[in-house]
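What follows is a set of notes on a single structure, which appears directly below.
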Amino acid sequence: MTVSGMLKAAVIATVGFAGVAQAQETVVWWDFLAGGDGVRMKKLIEDFNAAHSGQISIDATTLEWGTPFYAKVQTSAAVGEAPDVMTYHASRIPLAVEQGVLQELTAEDFAAMGIGEADFAPATWDAVTVDRKQYAVPLDTHPIVLYYNKDLLEAAGMLDENGLPKGMDSRDGFTATLQALKDNGVTFPLGSVTADGNFMFRTIYSLVGQQGGELMTDGEFLAGDNADKLANALSVLAGWTEAGLQSTYTDYPATVALFTSGEAAMMINGVWEVPTMTDLNAQGKLFNWGAVELPVIFDQPSTYADSHAFALPLNRGKDMTPEKRAAVLEVVGWIAKNSLFWATAGHIPAYAPVTASPEYAAMEPNATYSSLTANMIFDPKTPLAGVAGPIFDVMSTYFVPTLNGEMDPSEAVESIKEELNAL
Amino acid sequence: MLTNHRKDTLIAALLVTPFLAIYLLVFVWPTIQMFGISFTDAPLIGEGEFVGVENYARLDNDPRFRTAAWNTAYFVLLTVIPGTVVALLVALGVSRLKGRLQAAVLALFFLPYILPVSVVYLIWDWILNFQFGISMHVLDWLRVKRVPITKSRDWFMPAMAVVTIWWTAGFSILLFLAGLRSIPAEIYEAAALDNAGRWTTFRRITWPLLWPVTSLVFTIQLISQLKIFDQVYLFSQGGRPNDNMVLVYYVFQRAFQQNQGGRAAAVAVTLFVLVVVVSVLQFQLLRLSGNRK
């Protein structure tokens, strides 16, 4: 910590001496974007630095996603060593507010950035709000979508005239599509991350939402018929395993590999894998592919989403100068307004004027699946939720055996309910 | 001789001070604080209210703590004695080799020990992964149904034990080799003159003379295996962490994922006491049984 602090001081000192004539603000930035989206964020940062040369410079570091990132933020904020700005998952904000690691963003801050509530979808704005106060600026929403191999689906006669998969409107319809693929010799009609319950939470929660179910109501987990709705959701997936329609005990990288190698015809995964497909396809190493909103297995369309947002850490014993704060707000506002390029990372920009632009409408497959913005559901707002949060381990421990046919869905739900309410 | 004792003491104290200061600051003081925090409801960072022994009382009725304690004990059982035996066997084999060949073979066995745990995890994931692991292709070839080794409750701990022994045996082998080399060759020559067989030589000479090293290896293993965390964490990420829970993982989960510093500290103190008691008991026991020989 002290060594990195000294290094940082040295860097800041060097930069400070270099720009004697003009006071240049250096904004220290942390993110957890290490995949294809990280490459695109680095480009955005370069563009920002170029556009603000001599005034503001971003000094960015990419850290390990998940618990390591959030543990580091919490410990560094406690000793005044946190960055000036960082990426944050909206789903983690309730916990962050309880931990006291985030600064509130005031109406003046939003005015300084030149953006406001009207620029965001209500669900997205709500996701960064705790007790009517805002703690972050949403950059994107990143839902899960259904990726499909057009060549395999076409061979099985499962593409409609628009080039979209058939049977997207019901459980029976979608199961029939999977079965047709199986009958046509596809090893895994659906590539599912069945070894990773944390990941499957996204799919399962979407299916609960498709029945109008909620994870948490009035501070209680799975109250009333919500437990049955979770059991229904698990039964659908367990049924596909039983019928041999999806890959079992498959972890995240293996699932992506099964899909890109053509062994799995479809895959439910986050939009952040769009760059993987685009890049492989551009190199001529991938079949024809597409991505659409999840099939409607139950009553209504519903898709789980989270949001990458920008937040300002609350550094203990270290006040931010007004100049620094202005620079940080400029960074956040600029990136949000220039997030069209961020959409090439698959994410749906949260800043509405970007998604309303004709350039965005021409982007594929983003334009095809962006209809789901109307049907997004976010994590329940509790300090227990959020990516890599406390409820994850409980769910995962029961999801994995259930999805692979080792455990009965209703038995799993009973245990999950009991353990979640005991947290 | 004119020695100034006071000056000597002063210099000694001066030389020891830097170590002592750091030791007190970064080890003893946090340990004392950990004991204090375990009686509060503090979050990971910040102050908490005094709650008495509540954090400890809750452990009694905590299924996850029970799973963690049981898994840790199971893991210790699977690694400590088998790990020591494997290391001894390898050391006995290596000690029969001579010159460069011995150095080369020893290096091969020692190599895994220098790897960071993340690399160990990747290597074994390539072997055990259900979809792409090499061992699964062997099972296919043998027409045996694939086994989700790191995702099933029955296979997880045995698999972790194999990985851990493979990873850490190198150090124990080195200790055993040093022990074997310190046994004078004349004793073996005398035994050979008396026509002692290989097994008798081992049982009557090697084993008793190697006993101090064996008990050392045993104790080191016991302490380090009670503190098992890294492998379990890496292999259960996203899998079934609460089924694979071990004590240190439980401390991590409570502190860093659930932001409950007080409850995490209570588990940590429990583990600390457990390690102290078990290792003192075991060392005394080994010493006593060693003296009898």
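So the protein lines, in turn, are chains A and B.
Take the position in the first sequence, starting the count at 1, then add 22; the result is the number in our numbering.
Take the position in the second sequence, starting the count at 1, then add 4; the result is the number in our numbering.
All residues carry an ideal CB built from backbone N, CA and C; glycine is no exception.
| Item | Value |
| --- | --- |
| Starting from Asp131 (chain A), follow the alpha helix (DSSP H) in both directions and report where the run begins and ends. | 129 to 135 |
| Grouping DSSP H, G and I as helix and E and B as strand, with all else coil, what is Leu311 (chain B)? | Because chain B spans 5 through 297 in this model, residue 311 (chain B) falls outside it and cannot be assessed. |
| Give me the chain B residues within the contact set of Ala276 (chain A), using Cβ-Cβ distance strictly less than 8 angstroms, ordered along the chain. | Asn133, Phe134, Gln135, Phe136 |
| Can you find the residues in the same chain that come closer than 7 angstroms, C-beta to C-beta, to Glu428 (chain A), ignoring five residues on each side of it along the sequence? | none |
| Excluding sequence positions up to five away, which residues of its chain have a Cβ less than 7 angstroms from the Cβ of Gln96 (chain A)? | Gln121, Val123 |
| Span of the beta strand (DSSP E) holding Trp51 (chain A)? | 47 to 53 |
| Enumerate in chain order the residues of its own chain whose CB-to-CB distance from Thr146 (chain A) is below 6 angstroms, with the five nearest sequence positions on each side excluded. | Pro160, Thr163, Ser329, Ala372 |
| Which whole-angstrom value is the C-beta distance of Leu184 (chain B) and Leu226 (chain B), which I expect to be below 8 angstroms? | At roughly 22 angstroms, the Cβ-Cβ gap does not stay under 8 angstroms, so Leu184 (chain B) and Leu226 (chain B) are not in contact. |
| Let's see if you can read the secondary structure: which residues bound the beta strand (DSSP E) around Trp364 (chain A)? | From DSSP, Trp364 (chain A) is part of no beta strand (DSSP E); its letter is neither H nor E. |
| Going by beta carbon distance, what residues of the same chain come within less than 7 angstroms of Leu336 (chain A), once the five residues before and after it are set aside? | Ala99, Gly122, Val123, Leu124, Gln125 |
| Does the beta-carbon of Pro305 (chain A) have 16 or more other beta-carbons within 10 angstroms, so that it is buried, or is it exposed? | The sequence given here has Gln at residue 305 (chain A), not Pro. Exposed is the call here. |
| Checking contacts by CB at 8 angstroms: is Asn220 (chain A) closer than that to chain B? | yes |
| Mind listing, in chain order, the continuous alpha helix (DSSP H) runs of no fewer than 4 residues lying wholly within the region 264 to 302 of chain A? | 274 to 282 |
| Counting along the chain, where does the alpha helix (DSSP H) carrying Pro211 (chain A) start and finish? | Counting along the chain, Pro211 (chain A) falls outside any alpha helix (DSSP H), though it belongs to the beta strand (DSSP E) covering 210 to 213. |
| Give the interface partners of Gln257 (chain B) over in chain A, defined as CB-CB distance under 9 angstroms, in chain order. | Pro412, Asp415 |
| Please state the DSSP three-state secondary structure of Tyr170 (chain A). | strand |
| Short check: CB of Asn75 (chain B) to CB of Asn248 (chain B), under 8 angstroms? | yes |
| What whole-angstrom Cβ distance do Ile399 (chain A) and Met417 (chain A) have, given they're in contact under 8 angstroms? | With a Cβ gap of about 16 angstroms, Ile399 (chain A) and Met417 (chain A) do not count as contacting. |
| I need the boundaries of the alpha helix (DSSP H) containing Trp145 (chain B), first residue and last residue. | 138 to 145 |
| Considering only the alpha carbon of each residue, which of A:Val353, A:Trp294, A:Lys64, A:Met135 lies closest to Gly368 (chain A)? | A:Trp294 |
| For Phe260 (chain B) and chain A, any beta-carbon pair shorter than 8 angstroms? | yes |
| Report the option in A:Phe332, A:Phe223, A:Met342, A:Gly179 whose CA atom is closest to the CA atom of Tyr274 (chain A). | A:Phe223 |
| Check the Cβ-Cβ distances between Ser432 (chain A) and every residue of chain B, and say whether any is below 8 angstroms. | no |
| Helix, strand or coil: how does DSSP classify Ile78 (chain A) here? | strand |
| Do you know whose CA, among A:Phe91, A:Asn360, A:Ala286, lies nearest Ile137 (chain A)'s CA? | A:Asn360 |
| Buried or exposed for Ala43 (chain A), please, with buried defined as at least 16 other CB atoms from any protein chain shown within 10 angstroms of its CB. | Interpretation of Ala43 (chain A) is limited by its pLDDT of 44, a score under 50 that renders its predicted location unreliable; the figure taken from the coordinates is listed afterwards. Classification of Ala43 (chain A): exposed, given that the 10 Å Cβ count is below 16. |
| Out of B:Ile138, B:Leu82, B:Val273, B:Leu19, which one is the CA nearest neighbour of Val57 (chain B)? | B:Val273 |
| Strictly below 8 angstroms CB to CB, what residues from chain A border Pro245 (chain B)? | Asp415, Ser418, Thr419 |
| Count the C-beta pairs between the region 116 to 133 of chain B and the region 229 to 244 of chain B that are closer than 8 angstroms, then say yes if the count reaches three, no if not. | yes |
| Taking all protein chains shown into account, decide if Trp149 (chain B) is buried (16 or more other Cβ within 10 angstroms of its Cβ) or exposed. | Here the sequence assigns Lys to residue 149 (chain B), which means Trp is not the residue at that position. Exposed, since its Cβ has fewer than 16 Cβ neighbours within 10 Å. |
| Kindly indicate which three-state DSSP category Asp69 (chain A) falls into: helix, strand or coil? | helix |
| Can you give me the C-alpha to C-alpha distance between Pro116 (chain A) and Gln229 (chain B), rounded to a whole angstrom? | 37 angstroms |
| Taking Pro152 (chain B) as the query, report the chain A residues whose CB atoms sit under 8 angstroms from its CB, ordered along the chain. | Ala217, Thr270, Tyr271, Asn426 |
| Locate the beta strand (DSSP E) running through Ala327 (chain A), then write down its first and last residues. | 325 to 328 |
| If the cut-off is 7 angstroms on Cβ atoms, which residues from the region 215 to 244 of chain B count as contacting chain A, listed in chain order? | Gly242, Gly243, Arg244 |
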